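Accompanying notes for the structure given below.
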Amino acid sequence: MKPELAILVRLQGIDLEIRKFNQEKASLPEHFNALQEQLLSKEAECDRLNERLSEIQKRKVDIEDEFELENTRLARSQKKIPYVKTNREYAALQKEINEIKKANTAREDDLLAIMEEISSLQEEIKVKKKEITQNRREMKAEQKRIEELGAEIDAKIAILTKDREAVSQKVRPDLLSKYNFIRDRRGGVAVAAVSEGVCCACNMNIPPQLYNDLLKEEKIFTCPSCQRLIYALKVDKK
Ligand SMILES: [Zn+2]
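Residues 1 to 238 (this note's numbering) make up the sequence shown, in order.
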């Protein structure tokens with residue numbers, strides 16, 4: 001292999017490692033983000049429960065007020081009974097009393113149902129709040145993990161970046177910029193071996209004449225299919 005290419009292969013090894021660490025770092029917040037989404041949906045659910053709770057608490061007060069008013073009206077009607085003079089009047093009064101009683105019984109049933117719903121809502125809210133606290137705790141722990149792992153990765157990248165600087169100084173500037181250009185457009189792989197006439201990066205055949213020239217190692221060639229810098233991989237034949 002031409003020495004310049006050997007250096008580029010080394011540089012590529014370092015770059016691929018840096019790339020791998022950068023990807024690792026970028027994927028660190030995935031779990032945190034999922035937890036955050038869970039938190040948001042739990043908070044929305046809790047808001048919804050609280051809204052429903054205050055809605056029916058208000059409704060309960062209204063029904064209780066109605067109940068009181070109607071009870072007063074009932075007492076007033078009942079007081080009139082001894083003073084009723086005709087059967088018709090009596091029947092009308094009795095009808096009114098029965099209607100009030102019936103309506104108030106319905107109100108009592110409603111109140112019971114509402115009280116049951118209130119207590120089950122309060123229980124649900126309690127559970128939801130616990131979940132939210134737990135969720136926040138997990139997020140905090142996850143945040144810490146991200147920071148720690150992120151710092152570890154940064155340290156590794158810093159060492160590799162130093163190595164990279166040292167190695168890249170050994171490469172001709174024009175070749176280095178060509179390498180960088182291809183690397184950024186070819187998934188981090190700018191230099192590829194050609195084994196038995198096939199480019200190992202794109203798996204395409206190299207024309208025989210080019211392959212012959214490549215074996216002479218006089219120039220640096222690029223793969224006609226993927227444009228990567230190529231070198232012939234020589235296998236010892238025993
Ligand atoms: Zn290729």
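Even for Gly, the Cβ is constructed at its ideal location relative to N, Cα and C. Computed from a predicted model, the values in this text were never measured in an experiment.
Please report the residue range of the beta strand (DSSP E) in which residue i lies.
i, result
"L229", "229-232"
"S195", "191-195"
Just checking residue i against ligand 1 - is the residue's beta carbon closer than 7 Å to any of the ligand's heavy atoms?
i, result
"M204", "yes"
"A193", "no"
"S225", "yes"
"C199", "yes"
"Q228", "The residue asked about is misnamed: residue 228 is Arg in this sequence, not Gln. For ligand 1, at least one heavy atom lies less than 7 Å from the Cβ of R228."
Of the choices the options, whose alpha-carbon is the least far from that of residue i?
i, options, result
"E96", "E64, A75, E124", "A75"
"I125", "I7, L214, L11, R52", "R52"
"K2", "S225, Q227, K219", "K219"
"G188", "G197, S195, K178", "K178"
"F21", "L233, T161, I206", "T161"
"L112", "A91, E64, R136, E142", "E64"
"K60", "S27, G150, E116, Q12", "E116"
"K244", "F181, F67, S27", "The question about residue 244 has no answer, for the chain in this structure spans 1 to 238."
"K42", "R136, Q143, A151, R186", "R136"
"F32", "D174, D213, E147", "E147"
"L28", "M139, I56, Q57", "M139"
"R73", "N104, A91, V84", "N104"
"K58", "R88, N98, N87, I118", "I118"
"C226", "M204, L210, N212", "M204"
"S54", "K234, I114, D110, F181", "I114"
"A26", "L149, P208, I7", "L149"
"R107", "N71, G197, I7, E196", "N71"
What distance in whole Å lies between the Cβ atoms of residue j and residue i, which are believed to be in contact at a cut-off of 8 Å?
i, j, result
"C223", "A201", "7 Å"
"I153", "E24", "6 Å"
"R19", "V167", "Not confirmed; about 15 Å, so no contact."
"V171", "E30", "Not a contact, Cβ separation roughly 36 Å."
"I132", "L39", "7 Å"
"K80", "L93", "6 Å"
"I100", "S120", "Contact doesn't hold; Cβ gap of about 31 Å is too wide."
"L215", "A232", "5 Å"
"K156", "L49", "So it is not a contact: roughly 47 Å between Cβ atoms."
"R183", "D15", "6 Å"
"I230", "C199", "6 Å"
"R145", "R186", "Contact doesn't hold; Cβ gap of about 33 Å is too wide."
Note the first and the last residue of the continuous alpha helix (DSSP H) segment covering residue i.
i, result
"A34", "30-80"
"S120", "87-168"
"E217", "Counting along the chain, E217 falls outside any alpha helix (DSSP H), and DSSP gives it neither H nor E."
"R186", "Unbroken run through R186: none, as it is neither H nor E."
"K25", "3-27"
Report the partner residues of residue i according to the DSSP bridge assignment.
i, result
"V198", "S195, N205"
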